[in-house]
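Only one structure is covered here, and it is reproduced in the block below.
2 protein chains.
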Amino acid sequence: MASINDVAKAAGVSKSTVSRIINDSPAISDETRQKVLKVMKELNYVPNSLARGLSNQQAFTVALLINIKDVKSFSNPFFYEVMHGIETVVYSRGLCMITANLENTLKQNEILNWLIYGKRTQGVILPSSIMNNQLVRELKKIRFPFVTIGEPEGIKEPIDWVDINNFQGGMQALEHMISQGYKRIAYIGGEQVKTFNKKRLSGYKAALENNGIEYKPEYVCEGAATKDEGYKLMKQLIKLPQPPDAVICGDNVLSIGAMKAINEAKLNIPKDIGILSFDNMPIADLVEPSLTTVDIDVFEMGVQAANILFKIIDNPEARQQQSMISTCIKMRESTCRE
Amino acid sequence: MASINDVAKAAGVSKSTVSRIINDSPAISDETRQKVLKVMKELNYVPNSLARGLSNQQAFTVALLINIKDVKSFSNPFFYEVMHGIETVVYSRGLCMITANLENTLKQNEILNWLIYGKRTQGVILPSSIMNNQLVRELKKIRFPFVTIGEPEGIKEPIDWVDINNFQGGMQALEHMISQGYKRIAYIGGEQVKTFNKKRLSGYKAALENNGIEYKPEYVCEGAATKDEGYKLMKQLIKLPQPPDAVICGDNVLSIGAMKAINEAKLNIPKDIGILSFDNMPIADLVEPSLTTVDIDVFEMGVQAANILFKIIDNPEARQQQSMISTCIKMRESTCRE
DNA sequence: TTATTTTATGCAACCAGTTTCATAAAATTG
DNA sequence: CAATTTTATGAAACTGGTTGCATAAAATAA
Numbered sequence: 607m608a609s610i611n612d613v614a615k616a617a618g619v620s621k622s623t624v625s626r627i628i629n630d631s632p633a634i635s636d637e638t639r640q641k642v643l644k645v646m647k648e649l650n651y652v653p654n655s656l657a658r659g660l661s662n663q664q665a666f667t668v669a670l671l672i673n674i675k676d677v678k679s680f681s682n683p684f685f686y687e688v689m690h691g692i693e694t695v696v697y698s699r700g701l702c703m704i705t706a707n708l709e710n711t712l713k714q715n716e717i718l719n720w721l722i723y724g725k726r727t728q729g730v731i732l733p734s735s736i737m738n739n740q741l742v743r744e745l746k747k748i749r750f751p752f753v754t755i756g757e758p759e760g761i762k763e764p765i766d767w768v769d770i771n772n773f774q775g776g777m778q779a780l781e782h783m784i785s786q787g788y789k790r791i792a793y794i795g796g797e798q799v800k801t802f803n804k805k806r807l808s809g810y811k812a813a814l815e816n817n818g819i820e821y822k823p824e825y826v827c828e829g830a831a832t833k834d835e836g837y838k839l840m841k842q843l844i845k846l847p848q849p850p851d852a853v854i855c856g857d858n859v860l861s862i863g864a865m866k867a868i869n870e871a872k873l874n875i876p877k878d879i880g881i882l883s884f885d886n887m888p889i890a891d892l893v894e895p896s897l898t899t900v901d902i903d904v905f906e907m908g909v910q911a912a913n914i915l916f917k918i919i920d921n922p923e924a925r926q927q928q929s930m931i932s933t934c935i936k937m938r939e940s941t942c943r944e
Numbered sequence: 607m608a609s610i611n612d613v614a615k616a617a618g619v620s621k622s623t624v625s626r627i628i629n630d631s632p633a634i635s636d637e638t639r640q641k642v643l644k645v646m647k648e649l650n651y652v653p654n655s656l657a658r659g660l661s662n663q664q665a666f667t668v669a670l671l672i673n674i675k676d677v678k679s680f681s682n683p684f685f686y687e688v689m690h691g692i693e694t695v696v697y698s699r700g701l702c703m704i705t706a707n708l709e710n711t712l713k714q715n716e717i718l719n720w721l722i723y724g725k726r727t728q729g730v731i732l733p734s735s736i737m738n739n740q741l742v743r744e745l746k747k748i749r750f751p752f753v754t755i756g757e758p759e760g761i762k763e764p765i766d767w768v769d770i771n772n773f774q775g776g777m778q779a780l781e782h783m784i785s786q787g788y789k790r791i792a793y794i795g796g797e798q799v800k801t802f803n804k805k806r807l808s809g810y811k812a813a814l815e816n817n818g819i820e821y822k823p824e825y826v827c828e829g830a831a832t833k834d835e836g837y838k839l840m841k842q843l844i845k846l847p848q849p850p851d852a853v854i855c856g857d858n859v860l861s862i863g864a865m866k867a868i869n870e871a872k873l874n875i876p877k878d879i880g881i882l883s884f885d886n887m888p889i890a891d892l893v894e895p896s897l898t899t900v901d902i903d904v905f906e907m908g909v910q911a912a913n914i915l916f917k918i919i920d921n922p923e924a925r926q927q928q929s930m931i932s933t934c935i936k937m938r939e940s941t942c943r944e
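Protein sequence lines correspond, in order, to chains A and B.
Under our numbering, residues 607 to 944 are what the first sequence spells out, in order.
Under our numbering, residues 607 to 944 are what the second sequence spells out, in order.
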């Protein structure tokens with residue numbers, strides 16, 4: 607395959623001239639430019655990106671690191687959408703994107719070393735779940751651009767991250783229920799060890815207070831994201847002396863279980879009990895009745911993550927930025943009382 | 607950041623020596639090796655992968671190209687599983703993986719040029735949907751290693767691909783129904799423009815013949831992968847003078863629609879009508895009754911794609927290989943007659 | 001017409017590695 | 001102990017680009 611030298615020789619110019627043409631330098635006469643471009647086309651010349659990267663001290667590549675555990679625990683197109691959002695921005699900038707799974711074969715440190723110290727990438731987007739103060743210190747020390755997906759916990763220094771506004775989502779969920787005329791609104795949350803679940807519940811509580819509704823601990827429960835758990839918890843709620851007339855579930859799968867319990871109790875959705883779920887997975891449209899959800903725009907989260915990363919790459923002095931993506935209610939049959 | 611020269615200087619050796627140590631050359635005394643390794647650690651030295659790639663004439667990188675339209679049309683963790691399988695192999699080999707979406711911003715040719723002629727990658731895994739004879743010819747001409755995910759159509763020369771054995775899946779589906787005692791087994795297939803749907807249907811037909819069952823055209827229909835379509839087609843099947851007592855659906859979403867129609871007709875699943883679906887998505891476990899499926903191992907498909915790619919990279923003369931991944935039945939309640 | 005500025009291009013060094021070949025030192029052989 | 005082989009290392013060329021500096025030619029100014 608043709609190199610810059612072959613092009614230079616064939617066109618009767620020096621390789622500096624060819625290089626200048628590749629890089630759209632203005633100091634080249636039109637005549638020479640046309641001549642060289644013609645030769646480039648003839649020889650099917652494409653600059654070697656490794657050589658370019660070496661000269662330019664930049665790899666024209668960013669990395670997206672993921673944690674397969676996170677991805678699997680979502681079991682929805684969540685991850686792919688984030689990736690797609692990032693990709694859209696990265697490729698439109700003319701860079702490319704390396705993806706790596708941190709749980710794969712190599713140890714975390716090896717991968718980081720390799721991608722970062724090996725100069726293979728100019729920046730990295732990584733999951734908040736792997737962040738810790740030591741890693742932050744290290745990355746900051748070598749001034750390596752990074753953005754986390756999700757707000758990391760327990761990090762002392764300000765860093766760049768993007769996240770879904772889960773607190774807002776929790777508030778919107780409750781307020782939607784109120785607007786549909788529900789009065790006794792229960793909450794079956796996901797595991798509270800996860801930050802996003804905590805945030806969602808806080809949003810729910812805050813909205814209760816804003817609306818002057820008393821917080822009832824017996825209306826709030828927590829479970830793993832399984833159908834069985836949703837079923838079991840919903841059954842308990844129905845058995846209460848004063849059962850709820852609406853329930854917000856932390857997850858589509860929990861909702862499916864809860865719906866089963868409601869159906870078994872011969873109660874009608876949405877008449878007797880309204881139900882709403884976080885996360886807008888394809889399944890929400892498939893169940894009977896279809897499920898009202900809090901939609902999270904993870905594509906947009908990816909776009910913003912990439913944009914922030916490029917901001918840092920372009921200007922290492924840029925102030926850190928935390929970006930929250932708004933949620934919105936996708937109303938379907940399960941909360942439609944009319 | 608430290609370069610090979612810094613290490614050489616600090617250790618009082620030449621950079622050739624350092625290079626030999628990086629590459630585990632045996633012609634280095636233990637004494638020198640230890641000394642240099644110590645310096646490397648002290649300086650936190652990691653070889654520059656661009657420079658290595660340039661010298662070695664290999665990028666230590668492969669590309670995974672995807673077609674966002676394909677991915678979206680599956681609307682299941684299908685794609686991510688393939689990617690994860692590929693990634694596992696790639697990283698265990700010490701290479702890294704670039705992902706690019708062919709529908710993104712840049713034109714297809716630009717991306718290919720860039721990744722292939724730009725020497726950025728040593729091989730590429732791509733969707734069969736974008737293959738055509740011209741592209742095959744081009745890649746073969748420059749002897750660039752590639753493997754397609756899915757069997758491509760209309761390609762004249764033998765090439766390497768991996769696919770799910772959809773024909774086998776179709777046979778297994780029918781034979782499972784027979785083994786459960788169902789007699790009149792209908793088939794609601796996905797759109798027949800897609801090869802994998804055609805293969806599945808052929809498998810169904812072949813198994814009919816193998817089992818001496820007459821093929822009834824009125825039992826076979828085709829629809830887009832939507833709930834409404836499944837509902838509509840199932841309703842028609844139920845209205846037949848001699849309705850089927852079992853149905854195989856080409857897709858989980860079609861099945862959901864079909865189940866709705868069966869429920870509305872006050873028929874019992876699996877007693878009156880058995881139902882089975884291709885693709886084992888999370889939803890199969892969530893519906894009532896849970897859905898028997900033909901499971902496809904897309905992770906394994908990714909693993910094999912990567913293995914084949916490396917076989918070609920290691921030995922460009924290797925004979926082309928087509929690899930089919932077996933399907934298997936995941937039995938659940940929807941076909942359980944006992 | 002000469003002096004000065006501008007424009008276009010080439011030379012050579014550089015990026016950070018790998019590798020061939022030469023060679024000094026050490027080990028083996030006669 | 002000298003001759004030969006083996007081993008460990010370095011110098012220099014090479015991978016394919018970019019770029020600062022020098023310079024010849026062209027354009028402008030005096």
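Glycine included, each C-beta is placed from N, C-alpha and C at the ideal position.
If you're wondering where the values come from, they're calculated on a predicted model, not measured in any experiment.
**Message:** 8 Å is my cut-off, CB to CB: does Tyr-837 of chain B come that close to chain A?
**Reply:** In the second sequence, residue 837 of chain B corresponds to position 231, counting from 1. No - not a single Cβ of chain A is within 8 Å of the one on Tyr-837 of chain B.
By the criterion of Cβ-Cβ separation under 8 Å, what are the contact partners of Arg-726 of chain A in chain B? Counting from 1 along the first sequence, the entry for residue 726 of chain A is found at position 120. Chain B residues near Arg-726 of chain A: Ser-655, Leu-656 and Cys-702.
Query - Cutoff 8 Å: Thr-705 of chain B Cβ touching any chain A Cβ - result: Counting from one through the second sequence, the residue named residue 705 of chain B turns up at place 99. Answer yes: the Cβ-Cβ gap between Thr-705 of chain B and chain A drops below 8 Å somewhere.
Original post:
Closest Cβ-Cβ distance between Leu-892 of chain B and chain A: below 8 Å?
Top reply: Walking along the second sequence from the start, residue 892 of chain B turns up at place 286. Closer than 8 Å to some Cβ of chain A, the Cβ of Leu-892 of chain B qualifies, so yes.
>> So, for Ala-864 of chain A: in the same chain, excluding its five sequence neighbours on each side, which residues have a beta-carbon less than 8 Å away from its beta-carbon?
In response: Here residue 864 of chain A refers to the residue found at position 258 when the first sequence is read from its first residue. Taken in chain order, the residues that qualify are Ile-794, Gly-836, Tyr-837, Leu-839, Met-840, Val-853, Cys-855 and Ile-881.
For this session: Under 7 Å between beta-carbons, which chain B residues line up against His-690 of chain A? List them in chain order, please.
Result: One-based indexing of the first sequence puts residue 690 of chain A at position 84. Those within 7 Å of His-690 of chain A in chain B are Ile-674 and Asn-707.
- prompt: Alpha carbon to alpha carbon, what distance is there between Glu-894 of chain B and Asn-654 of chain A?
  reply: Sequence index remark: in the first sequence, residue 654 of chain A carries index 48 (1-based). Sequence index remark: in the second sequence, residue 894 of chain B carries index 288 (1-based). The straight-line gap from Cα to Cα measures roughly 56 Å.
Within 8 Å, do at least three Cβ pairs link the segment 801-816 of chain B to the segment 762-782 of chain B? yes
**Request:** Can you tell me which of the three DSSP states Pro-733 of chain B falls into?
**Result:** The residue given as residue 733 of chain B occupies position 127 in the second sequence. Residue state, collapsed to three classes: strand.
| message | Just to confirm my understanding: we take Ile-862 of chain A, look at its own chain, exclude 5 residues before and 5 after, and list those with CB closer than 6 Å. What are they? | response | Counted from its first residue, the first sequence places residue 862 of chain A at position 256. Non-local C-beta neighbours of Ile-862 of chain A in its own chain, meaning closer than 6 Å and more than five positions away in sequence, comprise Lys-833, ordered along the chain.
**Asked** Among B:Glu-906, B:Val-826, B:Ile-761 and B:Glu-637, which has the Cα closest to the Cα of Ala-617 of chain B?
**Response** Here the question's residue 617 of chain B lines up with position 11 in the second sequence. The residue with the shortest Cα to Cα distance from Ala-617 of chain B is B:Glu-637.
| Can you give, in chain order, each stretch of the alpha helix (DSSP H) that sits fully within the segment 817-901 of chain A and has at least 4 residues? | 833-845, 858-870 and 889-892
| Based on Cα-Cα distance, which residue from A:Ile-722, A:Glu-757 and A:Ser-735 lies nearest to Glu-744 of chain A? | Taking the first residue of the first sequence as position 1, residue 744 of chain A is located at position 138. Out of A:Ile-722, A:Glu-757 and A:Ser-735, A:Ile-722 has the C-alpha closest to the C-alpha of Glu-744 of chain A.
Exercise. Would you check if there are 3 or more beta carbon pairs closer than 8 Å linking the segment 906-919 of chain B to the segment 713-731 of chain B?
Key: yes
Just checking: is the beta-carbon of Tyr-723 of chain B within a distance shorter than 8 Å of some beta-carbon in chain A? In the second sequence, counting from the first residue as 1, residue 723 of chain B sits at position 117. Output row for Tyr-723 of chain B: interface = yes.
| query | Asn-707 of chain B bridges to which residues according to DSSP? | reply | The residue labelled residue 707 of chain B in the question sits at position 101 within the second sequence. As computed with DSSP, Asn-707 of chain B is found in a beta bridge with B:Ile-672.
* **Complete beta strand (DSSP E) runs within the segment 728-791 of chain B (minimum length 3 residues, chain order)** => Fully enclosed beta strand (DSSP E) runs of 3 or longer: 730-733, 752-755 and 767-770.
*asked:* So that I know if they touch, is there some Cβ in chain A lying closer than 8 Å to that of Met-907 of chain B?
replied: Here the question's residue 907 of chain B lines up with position 301 in the second sequence. Interface residue (Cβ-Cβ distance to chain A less than 8 Å): Met-907 of chain B is not classified as such.
- request: Return the residues of the segment 853-880 of chain A that lie within a Cβ-Cβ distance of less than 9 Å from chain B, sorted by chain order.
  value: Asn-858, Val-859, Ile-862, Gly-863, Lys-866 and Asn-869
Strictly below 7 Å CB to CB, what residues from chain A border Gly-775 of chain B? In the second sequence, residue 775 of chain B corresponds to position 169, counting from 1. Those do not exist, as Gly-775 of chain B stays about 22 Å from chain A at its closest Cβ, beyond 7 Å.
Could you tell me which of A:Cys-827, A:Asn-816 and A:Lys-762 sits nearest to Glu-781 of chain A, measuring between CA atoms? Within the first sequence, residue 781 of chain A is the residue found at index 175, counting from 1. Comparing Cα positions, the closest option is A:Asn-816.
### Query
Run through DSSP, which three-state label would Ile-914 of chain B get?
By 1-based counting over the second sequence, the position of residue 914 of chain B is 308. Three-state result, Ile-914 of chain B: helix.
* Asked: Measuring CA to CA, which of B:Arg-938, B:Glu-870 and B:Lys-746 is closest to Ser-1020 of chain B?
  -> The requested residue 1020 of chain B does not occur in the structure, where chain B is confined to residues 607 to 944.
Segment limits, alpha helix (DSSP H) that includes Ser-620 of chain A = The sequence position of residue 620 of chain A within the first sequence is 14, counting from 1. Careful: Ser-620 of chain A lies outside any alpha helix (DSSP H) and carries neither H nor E.
Skipping 5 residues on each side, what residues in its chain have a beta carbon closer than 6 Å to that of Ser-883 of chain B? Counting from 1 along the second sequence, the entry for residue 883 of chain B is found at position 277. Closer than 6 Å at the Cβ level, and outside the excluded window around Ser-883 of chain B, lie Cys-855, Asn-858, Ser-861, Leu-897 and Thr-899.
Item to check | Met-930 of chain A - containing beta strand (DSSP E), residue span | outcome: Within the first sequence, numbered from 1, the residue matching residue 930 of chain A stands at position 324. It spans 928-931 - the beta strand (DSSP E) in which Met-930 of chain A sits, taken as one unbroken run.
Note to self: I'd like the span of the beta strand (DSSP E) that includes Ile-935 of chain A, first residue to last.
What the structure shows: Taking the first sequence and counting its residues from 1, one reaches residue 935 of chain A at position 329. 934-936 is the extent of the beta strand (DSSP E) around Ile-935 of chain A.
| said: Taking CB distances under 8 Å as the criterion, tell me whether Lys-833 of chain B reaches chain A. | reply: Numbered from 1 along the second sequence, position 227 holds the residue referred to as residue 833 of chain B. Yes, its Cβ sits closer than 8 Å to a Cβ of chain A.
ask   = So with Cβ pairs under 8 Å, would you call Asn-715 of chain A a contact of chain B?
value = Against the first sequence, residue 715 of chain A aligns to sequence position 109. Asn-715 of chain A does not count as touching chain B.
- How about Val-904 of chain A and Val-688 of chain A: are their beta carbons less than 8 Å apart? Position 298 of the first sequence, counting from 1, holds the residue named residue 904 of chain A. Position 82 of the first sequence, counting from 1, holds the residue named residue 688 of chain A. Taking 8 Å as the Cβ cut-off, Val-904 of chain A and Val-688 of chain A qualify as a contacting pair.
Notebook entry, point to check: Among B:Pro-758, B:Ala-812, B:Lys-615 and B:Pro-751, which one has its Cα closest to the Cα of Ala-669 of chain B?
Noted result: As a position in the second sequence, residue 669 of chain B is number 63, starting the count at 1. Closest by alpha carbon: B:Pro-751.
Exercise for review: Taking Ile-673 of chain A as the reference, give the member of A:Ile-755, A:Ala-830, A:Ile-875 and A:Thr-933 with the closest Cα.
Suggested key: The residue labelled residue 673 of chain A in the question sits at position 67 within the first sequence. Reading off the sequence shown, one finds Asn at residue 673 of chain A, where the question assumed Ile. Here the closest residue by C-alpha is A:Ile-755.
- request: Could you confirm whether any beta carbon from chain B is found closer than 8 Å to the beta carbon of Asn-719 of chain A?
  value: Your numbering for residue 719 of chain A matches position 113 in the first sequence. It does; some Cβ of chain B falls within 8 Å.
| query | Name the chain B residues whose beta carbon is nearer than 9 Å to that of Leu-741 of chain A? | reply | By 1-based counting over the first sequence, the position of residue 741 of chain A is 135. For a Cβ distance threshold of 9 Å, nothing in chain B lies close to Leu-741 of chain A: the least Cβ distance comes to about 15 Å.
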